[in-house]
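Take a look at the structure set out below.
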Amino acid sequence: MSKLAGRIGIAALLVVALAGGALTGPGAIGGDVVPAPSFDRVAAGAQRVLDSVTVATGRTGYVEEEEGEAGPGPEDPYLFAKAGGEEFVPRRALVAAGRQSRRVQRLTATQAPGLAKARWKLHGPANIGGRIVDLAIDPKKKDTVYIASASGGVWRTTDAGKTFKSIWKNSMPQSMGALAIGSNGTLYAGTGEANPGGGSITYGGSGVYKSTNRGRSWKFVGLRDSVRIGRIAVDPKDPNHVYVAATGNLFVAGGMRGLYESRNGGSSWHLVLPGDNPTTGAVDVQFHPKDSKTVFVAMWDHFRYPDRRQYAGLGSGIYKTTDAGETWTRLGPTNGLPPPHPEGGRIGIGISPSSPDRMYAIFANSAAGSVSGFYISEDGGETWLQSPGTGDLADSQFVYSWWFGRIWVDPKDPMRVFVAGVSLMESTDGGQRFSITHGGIHADQHAMQWDPHKKGRIYLGNDGGFYRSDQDGATNSWVHSEYEPTMQFVSIDVSEQDPSRIVGGLQDNGSVRSWSSVPGKKKTWNGYYGGDGQRSLINPKDKDNIFGCSQYGACGRSTDGGNTMQSFTLVATRFPFLTPLEFDPKDPQVMYAGGDIVNRSTDNGQNWTPISPDLGGDPGLETNPLYAGHYGVVTSLAASPKDSATILAGTDNGRVWITRDTGTTWTELQHENLPERWVSRVTMSPTDAETAYIAFSGYREGDNGAYVVKTTDAGATWKNITGNLPKAPVGDVTVVGKRLFVASDVGVFTSGLNGGKWLKVGGKSLPLAPVTELRYIPKNKRLYAATFGRGIYSTKL
Numbered sequence: 052m053s054k055l056a057g058r059i060g061i062a063a064l065l066v067v068a069l070a071g072g073a074l075t076g077p078g079a080i081g082g083d084v085v086p087a088p089s090f091d092r093v094a095a096g097a098q099r100v101l102d103s104v105t106v107a108t109g110r111t112g113y114v115e116e117e118e119g120e121a122g123p124g125p126e127d128p129y130l131f132a133k134a135g136g137e138e139f140v141p142r143r144a145l146v147a148a149g150r151q152s153r154r155v156q157r158l159t160a161t162q163a164p165g166l167a168k169a170r171w172k173l174h175g176p177a178n179i180g181g182r183i184v185d186l187a188i189d190p191k192k193k194d195t196v197y198i199a200s201a202s203g204g205v206w207r208t209t210d211a212g213k214t215f216k217s218i219w220k221n222s223m224p225q226s227m228g229a230l231a232i233g234s235n236g237t238l239y240a241g242t243g244e245a246n247p248g249g250g251s252i253t254y255g256g257s258g259v260y261k262s263t264n265r266g267r268s269w270k271f272v273g274l275r276d277s278v279r280i281g282r283i284a285v286d287p288k289d290p291n292h293v294y295v296a297a298t299g300n301l302f303v304a305g306g307m308r309g310l311y312e313s314r315n316g317g318s319s320w321h322l323v324l325p326g327d328n329p330t331t332g333a334v335d336v337q338f339h340p341k342d343s344k345t346v347f348v349a350m351w352d353h354f355r356y357p358d359r360r361q362y363a364g365l366g367s368g369i370y371k372t373t374d375a376g377e378t379w380t381r382l383g384p385t386n387g388l389p390p391p392h393p394e395g396g397r398i399g400i401g402i403s404p405s406s407p408d409r410m411y412a413i414f415a416n417s418a419a420g421s422v423s424g425f426y427i428s429e430d431g432g433e434t435w436l437q438s439p440g441t442g443d444l445a446d447s448q449f450v451y452s453w454w455f456g457r458i459w460v461d462p463k464d465p466m467r468v469f470v471a472g473v474s475l476m477e478s479t480d481g482g483q484r485f486s487i488t489h490g491g492i493h494a495d496q497h498a499m500q501w502d503p504h505k506k507g508r509i510y511l512g513n514d515g516g517f518y519r520s521d522q523d524g525a526t527n528s529w530v531h532s533e534y535e536p537t538m539q540f541v542s543i544d545v546s547e548q549d550p551s552r553i554v555g556g557l558q559d560n561g562s563v564r565s566w567s568s569v570p571g572k573k574k575t576w577n578g579y580y581g582g583d584g585q586r587s588l589i590n591p592k593d594k595d596n597i598f599g600c601s602q603y604g605a606c607g608r609s610t611d612g613g614n615t616m617q618s619f620t621l622v623a624t625r626f627p628f629l630t631p632l633e634f635d636p637k638d639p640q641v642m643y644a645g646g647d648i649v650n651r652s653t654d655n656g657q658n659w660t661p662i663s664p665d666l667g668g669d670p671g672l673e674t675n676p677l678y679a680g681h682y683g684v685v686t687s688l689a690a691s692p693k694d695s696a697t698i699l700a701g702t703d704n705g706r707v708w709i710t711r712d713t714g715t716t717w718t719e720l721q722h723e724n725l726p727e728r729w730v731s732r733v734t735m736s737p738t739d740a741e742t743a744y745i746a747f748s749g750y751r752e753g754d755n756g757a758y759v760v761k762t763t764d765a766g767a768t769w770k771n772i773t774g775n776l777p778k779a780p781v782g783d784v785t786v787v788g789k790r791l792f793v794a795s796d797v798g799v800f801t802s803g804l805n806g807g808k809w810l811k812v813g814g815k816s817l818p819l820a821p822v823t824e825l826r827y828i829p830k831n832k833r834l835y836a837a838t839f840g841r842g843i844y845s846t847k848l
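As numbered in the working numbering, residues 52 to 848 make up the sequence shown, in order.
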């Protein structure tokens, strides 16, 4: 199947679904085949918005069945060969991968008990923090707050946010979307992050979990196929009455999308508001503070392709019920809100607790990623007016308003409103005007609540972690948590001279290092290069020569351990979000970097020269101005430790290239065992210039298979060595002596150099967060792992 056909596959699935075809797998509820919404229904849905007609949706019953065994693995030749097409639509992939990982762990305990007992040690950092997507305040215990980390599970503080302790099992999916608490202290946690990512990616989950003992234990209560959950609302008068806004799989149409309701604490669920089409889910839901029969829901129509983000559609809109979900009215143009539109993006809702007739809503425009309108209602959502303060929010939303979609209203002052954005925006006149009120906090706001136990105390969660203000949110009154190891690492390097020196790239928290810039000062993690932290390197022969990159090829180098950084310019037209940057294994003065073309430096990264043509060839179809022109690029490259003239490169659109003459000529490698998927890592053998390994990831195409291949003839032929690896994307492959180690979304695994039979490294001491990169240091014989959500770990080999 051609690369073009592979990209059309998902679109074709959508066309089939819209034409009234039935979806199995992700489109099934409780294992039954559920007809997808027809094109006629989509049109009717849009028409009823225009007519403001109230519709009865009824209730679709849902029963959670037991998990069965997974189907054939990626080692099945047919599935491996078909990795470029729409045939591969996995169901409950994360759950299946976790179960397979436990099977491999049991195998390891039998065949290599020492390896099974290996302990992973956390290296931190604990003082920086990662993205917090939601929070809940204990209604009965003072200073007790629960937070949902984007890919780090659920945490609890009992000292008002100074320190946090994980209350989420390492073996459970770590990606979180929503958190809510009932009046009796019952916690509900929705897994799978609903924020869809721009250049970065976010991860799905496995449904809803419940705790009745403040997080000491959790019980799965259903909605396994929801994949991503945007919000959970608990009835203030009945903690067993719960609504879940299921956003759905970002990469696969259909499945569990829409608003689900339970009236028995999660024992059973009913779909009370489906989306208008297979790409529409629910992202926000709120009870009327004084009438639990009145509920407002924000629906969001969006989808992500490998080469573009379609974060808008006709299905986006606000719905209201006044009869506990028996009937719903879509609020549209007849009452002042925007009509259905192909560019209708994410919507956030805010209701004043003290004056519920006063409501607010923010609408995104996804083509440009900007805010399209902030709206105000003074009659409980019956009529709306666009605020003149909409323009005040433009800079805060920038071109990714789909990242936010949250509004918070002061519980005692209906005219005081906060809006999530890059900056925390505040209005004191009921949304007429907004200003920045973020002094002292990190960018990108996602969660906020007032503490009912202490006057003037507010908690805030953003991409930089957790904050508390005891001065009612006044500028520069925010205090950051001291301990919350929820960092999202995308890269790691460790000094071969001094293994205590660790660097890594953190999502939205720059490049960080484990040592202080002040001689004699206690070692503490700190940043040395800004932006979205991406590639980070330490010269293996000079611990003070370090590199850091932010997104899209913006990189710098240092010769004093990161105290000062000098930027350098790469030569390319297009760059990936995470630009590959590598040392020549034989000489660190020689370096390589990749965009649409490969760059080479012979002076330790100060100057660069192109050594390849365009290896990606396809710029993609992205329309958002921030992300357009970043597809069809090199995502991984490596020079052979035995022959520096041999360089291997892989791209995001599944192309693999080799040069044997330092870039004078390049050959595209093609073979039936090279799946048409994002190349996540190319690795050259340290002992043979013709032997190499490649890991591929189909995650951005809704394919959670594991793909690892090997060549021993410089790419002429490739062998699939995936074997019994759990069906989860693989992010890295590294060679240590006579063994291979791979970084997977469900752990670290090892095999002999021919793969096939894999064992798991360590048990439950490594959380089930995606492992993005591995680094082995011979000096202390430790294997280091960067996780996306739980920091950096290492284990002794």
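Every residue, glycine too, gets a C-beta built ideally from N, C-alpha and C.
| Item | Value |
| --- | --- |
| When you compare only the Cα positions, how much space is there between Ile-398 and Ala-445? | 15 Å |
| Checking the sheet assignment: what are the DSSP bridge partners for Trp-729? | Ser-748 |
| When you compare only the Cα positions, how much space is there between Thr-762 and Ala-740? | 10 Å |
| Three Cβ pairs or more, each shorter than 8 Å: is that satisfied between the segment 606 to 618 and the segment 662 to 671? | no |
| Taking Asn-849 and Ala-144 to be in contact with their CB atoms under 8 Å, please state how far apart those CB atoms are, rounded to whole angstroms. | Because the chain is modelled from 52 through 848, residue 849 falls outside the range shown and cannot be assessed. |
| Below 8 Å on the Cβ atoms is my guess for Val-812 versus Leu-238; work out the distance and round it to an integer in Å. | So it is not a contact: roughly 32 Å between Cβ atoms. |
| Buried or exposed: where does Arg-564 fall if 16 or more other Cβ atoms within 10 Å of its Cβ makes it buried? | buried |
| Is Arg-16 near Ala-187, with beta carbons less than 8 Å apart? | One cannot answer for residue 16 here, as it falls past the ends of the chain, which runs 52 to 848. |
| Pick helix, strand or coil for Pro-77, following the three-state DSSP scheme. | Caution is warranted here: a pLDDT of 24 is assigned to Pro-77, below 50, making its placement in the model unreliable, and the coordinate value is therefore given only provisionally. Of the three classes helix, strand and coil, the one that applies to Pro-77 here is helix, per DSSP. |
| State the Cα-Cα distance for the pair Thr-734 and Ser-222, rounded to the nearest angstrom. | 29 Å |
| If contact is defined by three or more beta carbon pairs under 8 Å, each pair taking one atom from either stretch, is the segment 463 to 478 in contact with the segment 162 to 179? | no |
| Within 10 Å of its beta-carbon, does Tyr-835 have 16 or more other beta-carbons around it, so buried, or fewer, so exposed? | buried |
| In whole angstroms, give me the CA-to-CA distance for Gly-306 and Thr-253. | 18 Å |
| May I have the straight-line CA-CA distance separating Ser-731 from Thr-575, to the nearest angstrom? | 31 Å |
| Please report the straight-line C-alpha distance between Tyr-362 and Asp-514, rounded to a whole angstrom. | 20 Å |
| For Ser-446, does the three-state DSSP call read helix, strand or coil? | For the record, residue 446 in the displayed sequence is Asp; it is not Ser. Correct three-state label for Asp-446: helix. |
| Compare the beta carbon distance of Pro-152 and Gly-798 with 8 Å and say whether it is the shorter of the two. | Sequence check: residue 152 is Ser here, not Pro. In this structure, Gly-798 lies closer than 8 Å to Ser-152 by Cβ. |
| Would you verify that the beta carbon of Trp-454 is, or is not, closer than 8 Å to some beta carbon of chain C? | The structure shown contains no chain C; it is built from a single protein chain. |
| Could you work out which residue in Asp-352, Ala-679 and Glu-727 is closest to Ala-304 when comparing CA atoms only? | Asp-352 |
| In the DSSP output, which residue or residues are listed as bridge partners for Phe-800? | Val-793 and Lys-811 |
| Answer yes or no: do Trp-729 and Thr-686 have a C-beta to C-beta separation smaller than 8 Å? | yes |
| Beta-carbon separation of Ala-333 and Ile-400 under 8 Å? | no |
| Using the Cβ count rule (16 or more neighbours within 10 Å means buried), how would you classify Val-93? | Only weak support is given to the placement of Val-93: the predicted model assigns it a pLDDT of 33, under 50, and the value that follows is read from those uncertain coordinates. Burial call: buried. |
| Where DSSP assigns a beta bridge to Tyr-643, which residues make up the other side? | Glu-633 and Arg-651 |
| Quick check: the segment 522 to 538 against the segment 585 to 605, are there 3 or more CB pairs under 8 Å? | no |
| Assuming Ser-795 and Ala-757 form a contact by the criterion Cβ under 8 Å, report the distance between their Cβ atoms to the nearest whole angstrom. | 7 Å |
| Fully enclosed by the segment 235 to 287, which beta strand (DSSP E) runs are 3 residues long or longer? | 238 to 242, 259 to 262, 270 to 273 and 280 to 286 |
| By alpha-carbon positions, which one of Gly-753, Val-278, Phe-800 and Lys-592 ends up nearest to Val-822? | Phe-800 |
| Report the CB separation of Gln-585 from Val-541 in whole angstroms; it is logged as a contact under 8 Å. | 6 Å |
| Can at least three beta-carbon pairs, one atom from the segment 328 to 345 and one from the segment 250 to 265, be found at a separation below 8 Å? | no |
| Hey, Gly-266 and Arg-182 are a contact pair by Cβ (cut 8 Å); roughly how many whole angstroms apart? | Wrong, their Cβ atoms sit about 20 Å apart, outside the cutoff. |
| My output table needs one value for Ser-152: the three-state DSSP class, helix, strand or coil. | helix |
| Compute the minimum distance between the beta carbon of Phe-485 and the heavy atoms of the ligand MN, and state whether it is under 7 Å. | The ligand MN is not among the ligands present in this structure, which contains no ligands whatsoever. |
| Look at Leu-365 and Tyr-426 and say whether their C-beta atoms are less than 8 Å apart. | no |
| What span of residues does the alpha helix (DSSP H) with Gly-165 cover, start to end? | 164 to 167 |
| What do you get for Ala-767, buried or exposed, if any count of 16 or more other CB atoms within 10 angstroms of its CB means buried? | exposed |
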